[in-house]
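Asks: First the structure, then my questions, so here it is.
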Amino acid sequence: MGLPLGLLLVLQQPLILDGHIDTPQRMLDMRADITARLPDGHVDLPRMREGGLSAAFFSIWVDARYGRGTAFRRALNLIGAVRTLADTNPDVELATTADEVRGAVARGHVAALMGVEGGHAIEGSLEKLDSLYQLGVRYMTLTWNNGNEWAGSSTDARRHGGLTAFGRRVVRRMNELGMLVDVSHVSDSTFWDVLATTTRPVIASHSSCRALARHPRNLTDEQLRAIAKNGGMVGINFYPVFLDDRFREQYEELRRRLKPEIDSIRARYRGRPGESAFEVDKLVGERAAGLDVPTLDRLVEHIDHAVRVMGIDHVGLGSDFDGISVLPRPMKDVTSLPELVRALEARGYPDADVRKILGENFLRLLTAGP
Ligand SMILES: [Zn+2]
């Protein structure tokens, strides 16, 4: 009686929600059909099922080359690709709230959420921000690697600049809408300006710990504590460059050596940034296999550290799948998630805590409406 056995098994699995996957650019630019198993990349629907990933924020990543007159359109096109996936595939449901995520998962479906990456997507317009919310976007990463006219990024020349007056209006408008403010990628000064402005919990959708690896994309312990105090959470990024300084040095050296080949890929895919980034990552990823790639245990150390500093209610996952060239050993794609679950269990996390890290903490922030 009741539910079929397969569905019961699905419901017993912990709900895994990934805070950041870069798959939409593949769907749009490369026409990748993620309903079938793809030979490359990290994510498609069959592999999501195999890995137990039932919900994810599909990143509406707007590359730095888009600006006034093009950036918002790019975001709309990526949103269109995700919405089409949900509209044309009965196994995928577009979700904007915790209830919608739980409902989709209970029906045995994948819950697709959307977050915009790069505040330049709104082209300086609060009306465009509102439109993104109306279309289902539930977080916005204020910058990408590029800063914009109202917020500084951790990885460009604007890193010393914080939020402008307009930037504070963006944060307040996001608070009003119920769109999560994402501080991944922003400069330290922008981070503190956001925390001083926001009236609601913030997220870092895909960031790791600077106490363990010095990359400016990572968060200091002081920042982690501030997010915990604010009621927010951090999705730990899987990217080995953010996990280990020694690997990062080797990796940067490798990229310098590969520069001619990278330049020729970029020339070949000019005007197709999603495809270009994917092909560059593929090349660098293959060559990086010979380096000292950090292991899954190193990723778990970042999770452990964040839990120690913030408490168990503030840590989650933000893999950056399909946006990074290398994964911690021996992970190969989304099908490796059960290895991470086992590693957390082996560290002694009780079942309830594992569930919080895998998805429940993220869902908590999707519960409170505007
Ligand atoms: Zn990112």
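Mapping of the sequence shown onto the numbering used here: position 125 corresponds to residue 105, and the numbering continues sequentially without gaps. By construction, the Cβ of each residue, glycine as well, lies at the ideal position given by its N, Cα and C atoms.
Specify the secondary structure class of His0 as computed by DSSP and reduced to three states.
Replies: Within the sequence shown, numbered from 1, the residue matching residue 0 stands at position 20. Three-state result, His0: strand.
Asks: Would you mind reading off the limits of the beta strand (DSSP E) that contains Met94?
Replies: Translated into positions along the sequence shown, residue 94 becomes position 114. From DSSP, the beta strand (DSSP E) with Met94 extends over Val90 to Glu97.
Asks: Spell out a yes or no on whether the stretch 334 to 349 and the stretch 39 to 49 are touching, meaning 3 or more CB-CB pairs, one atom from each, closer than 8 Å.
Replies: They do not touch, by the three-pair rule.
Asks: Alpha carbon to alpha carbon, how far is Met213 from Val355? Give it in angstroms, no decimals.
Replies: Residue 355 lies beyond the stretch modelled for the chain, which goes from -19 to 350, so this question has no answer here.
Asks: Would you kindly work out how many angstroms separate the C-alpha atoms of Leu106 and Arg246, rounded to a whole number?
Replies: Along the sequence shown, read from residue 1 onward, the residue named residue 106 stands at position 126. Along the sequence shown, read from residue 1 onward, the residue named residue 246 stands at position 266. Leu106 and Arg246: Cα-Cα distance of roughly 33 Å.
Asks: Between the Cα of Glu232 and those of Ser305, Thr275 and Glu255, spot the shortest distance and give me the residue it belongs to.
Replies: For the purposes of this step, residue 232 is identified with residue 252 of the sequence shown, where counting begins at 1. Comparing Cα-Cα distances from Glu232 to each of Ser305, Thr275 and Glu255, the minimum goes to Ser305.
Asks: If you scan the stretch 260 to 319 from start to end, which runs of the beta strand (DSSP E) of 3 or more residues do you find wholly inside it?
Replies: Counting only runs of 3 or more, we get 295 to 297.
Asks: Do you know how far the Cα of Tyr119 is from the Cα of Thr179?
Replies: If you number the sequence shown from 1, residue 179 lands on position 199. If you number the sequence shown from 1, residue 119 lands on position 139. Rounded to the nearest angstrom, the two C-alpha atoms are 15 Å apart.
Asks: Count Cβ pairs between the stretch 15 to 26 and the stretch -11 to 7 that sit closer than 8 Å; are there 3 or more?
Replies: Yes, since at least three Cβ pairs between the stretch 15 to 26 and the stretch -11 to 7 fall closer than 8 Å, the two stretches touch.
Asks: Compare the beta carbon distance of Ser190 and Leu199 with 7 Å and say whether it is the shorter of the two.
Replies: Here residue 190 refers to the residue found at position 210 of the sequence shown. Here residue 199 refers to the residue found at position 219 of the sequence shown. Inspection of the sequence shows that residue 190 is occupied by Arg rather than by Ser. Yes, the Cβ-Cβ distance between Arg190 and Leu199 is below 7 Å.
Asks: With a CB to CB cut of under 6 Å and the five nearest residues on each side skipped, what residues in its chain are close to Leu324?
Replies: Within the sequence shown, numbered from 1, the residue matching residue 324 stands at position 344. Closer than 6 Å at Cβ, skipping near neighbours: Val334.
Asks: Based on the DSSP secondary-structure assignment, which residues constitute the bridge partners of Trp41?
Replies: Position 61 of the sequence shown holds residue 41. For Trp41, which the question treats as bridged, DSSP gives the partners Glu97.
Asks: Short check: CB of Gly31 to CB of Leu279, under 7 Å?
Replies: Within the sequence shown, residue 31 is the residue found at index 51, counting from 1. Within the sequence shown, residue 279 is the residue found at index 299, counting from 1. No, Cβ-Cβ distance for Gly31 and Leu279 is not below 7 Å.
Asks: Going by DSSP in three states, Phe229 sits in which element: helix, strand or coil?
Replies: Against the sequence shown, residue 229 aligns to sequence position 249. Checking the displayed sequence, the identity of residue 229 turns out to be Glu instead of Phe. Glu229: helix per DSSP, three-state reduction.
Asks: Quick test of your reading: Val182 and Val150, contact by CB under 8 Å. State the CB separation rounded to the nearest angstrom.
Replies: For the purposes of this step, residue 182 is taken as residue 202 along the sequence shown, with counting starting at 1. For the purposes of this step, residue 150 is taken as residue 170 along the sequence shown, with counting starting at 1. Not really, about 13 Å apart at Cβ, beyond 8 Å.
Asks: Going straight from the alpha carbon of Phe353 to that of Glu97, what length do you get?
Replies: Absent from the structure is residue 353, since the part of the chain shown begins at -19 and ends at 350.
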